[in-house]
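If you want the numbering used here, it's the 1-based position in the sequence shown plus 382.
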Amino acid sequence: MIHFKEIGKIMGALLVLIAIMMLPGIGFSIHFEEDPWPILSSAVITLIIGTTLFFSFSKQDQNIRKREGYLIVTLSWIFMAGFGMLPFILSHEIISFSDALFETTSGITTTGASILNDIEAMPKGLLFWRSMLQWIGGLGIIVLTVAIFPLLGIGGIELFVAESPGPTSDKVHPRISETAKRLWYVYVGLTFAATILYWVGGMTFYDAINHALTTLATGGFSTKNASMAHFDSAFIQYTAIVFMFLAGTNFTVIYFGLVGQFRKVLKSDEFKAYACVVLGITVVLFFPIYAQIGTDAELAFRNSMFQVVSLITTTGFVSDDYTQYGQGVTFICFILLFVGASAGSTAGGIKFVRHLTFFKNSYLEFKRLVHPRAIVPLMINGDRVTGRIITHIMNFLLLYLLIFVFGAFVLSIMGYDLPTSLGAVATCLGNVGPAIGDVGPVDNFSFFSPGAKIFLSFIMLLGRLELFTILILFTPFFWRAN
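Written out as structure tokens, the structure is:
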């Protein structure tokens, strides 16, 4: 039996947090002499409903189990999308429900795909809320609430397990709430550092804080129509590269590095593979880009590395149109939509640890064929990977491929051409942003029909919560009483 009282109480606490997160946008609206009422009224509505839910279920009778955890995580992201779109709708800047849902879902899932044709014409307060949506969705609203829920008398380990992206068991502290807190300290600290460096590099403080929020969230929303290409500055773009790379790194690895435990950093097979692949593909793309740019080797290297890091980390910032460099570069960039960065990072996508497990296990399978009686264990980070985890990863990869194919089929029968259908589903499922076809790095998603936008919103949510968290809710045994 599912304990709905606990779910109601936690959903109430989440809505209160969402309302509080809306408040800074009011300050920017006032500062830029805009109407603060849309954001203020949205915050009040969210706060009233949140406090009502929270105090209506003031006492917990049962602990949160896995079933409640999966349901809470899914509902919290749905609530986040539902209440997060209120400022856009009440301001009449985004009138259509499908447009508001798409933009908000793209924000909380850190996808970065947009339906806005003129971003710079949007009110500054709303753009800040748009960036804040990605920052909240970055490390996960659930991880934040796990860090503070002990103060409310609410347990949270099942929420952390259900929400934390990627198959990683690394902890920086035995207590799950302390782990969440320390990860958020790293997240906030890196966001502050990025803000300062962007500001020093020539951005206004407003642009700096917005881009810092979306960089560390690997979201990619920008306050400029041309994204990072607007800032013709090597310093700003290299700063973005560094912080996108860090945001795509397992945050426990970053924490261990900050506290001087470098042996644990070097032990991470995923981190080493992540760094090597980023560097390797950057070199591969450098040559065709340099051939077209001409004599400016630094610019070719910067454009190459920026695109690779932006796509692999699923940030989706744009500094250049990678489709102009030929079919080979475009194809590689399309493949990068399926990579994803590290598990335990703010990035979306499949994650390196899954790719690493797949390729290592495939390689070892040849050895098992030659020596059928030998015990050939699969090792990641010096630890043996169990058969259950291998099976889970293989199922994930197959399910990911099936959803991609099915999604592209759905868009194609809606009338969209094949490159656009493939690109749109790949980038939404991987939470990246730009893709190929009519949704390339200089395009947006405004031309899609309302039905297609709602469908892609579901794909974004499905990808962000790593498939199983949502799909398990559609199984009959999930709802069956124990």
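Using N, Cα and C, we set each Cβ at its ideal position, and we do this for glycine too.
- By the beta-carbon neighbour count (other beta carbons within 10 angstroms, threshold 16), residue 672 is buried.
- Here DSSP, grouped into helix, strand and coil, assigns residue 762 to strand.
- By the 16-neighbour rule on beta-carbons within 10 angstroms, residue 810 is buried.
- Within the same chain, 577, 580, 581 come within 7 Å of residue 590 by CB-CB distance, once the 5 residues on both sides are set aside.
- For residue 618, the closest alpha carbon among the candidates 641, 583, 777, 467 is that of 583.
- In this structure residue 586 is exposed. Its beta-carbon is surrounded by fewer than 16 other beta-carbon atoms within 10 angstroms.
- Closest in alpha carbon position to residue 711, among 496, 520, 666, 506, is 666.
- Straight across, the Cα-Cα distance linking residue 813 with residue 750 is about 36 Å.
- In the DSSP assignment, residue 626 falls within the alpha helix (DSSP H) that extends over 616-629.
- DSSP, reduced to helix, strand and coil, places residue 825 outside both helices and strands of the structure shown, so it counts as coil.
- Sequence-distant Cβ neighbours of residue 513 in its own chain, meaning closer than 6 Å and more than five residues away, are 592, 595, 596, 603.
- Under the three-state reduction of DSSP output, residue 839 falls in the helix class.
- For residue 423, same chain residues with a beta-carbon under 7 Å away, outside a window of 5 residues either side, are 472 in chain order.
- For residue 774, the enclosing alpha helix (DSSP H) has its first and last residue at 769-795.
- Burial is judged here by how many other beta carbons sit within 10 angstroms of a residue's own beta carbon; residue 858 has fewer than 16 and is exposed.
- The alpha carbon of residue 807 has as its nearest neighbour, out of 787, 780, 701, the alpha carbon of 787.
- Between the alpha carbons of residue 612 and residue 824 lies a gap of roughly 12 Å.
- Residue 707 and residue 599 have their alpha carbons spaced roughly 28 Å apart.
- For residue 707, there is no enclosing alpha helix (DSSP H), as DSSP marks it with neither H nor E.
- Membership of residue 813 in any alpha helix (DSSP H) is not indicated, and neither H nor E is assigned to it by DSSP.
- Here residue 604 carries a coil assignment [DSSP, helix/strand/coil].
- A Cβ-Cβ contact shorter than 8 Å links residue 699 with residue 609.
- In the structure shown, residue 610 adopts helical secondary structure according to DSSP, grouped into three states.
- For residue 694, the enclosing alpha helix (DSSP H) stretches over residues 679-694.
- When the beta-carbon positions are compared, residue 650 and residue 763 come within less than 8 Å of each other.
- One thing to note: residue 400 has its Cβ no nearer than 8 Å to the Cβ of residue 464.
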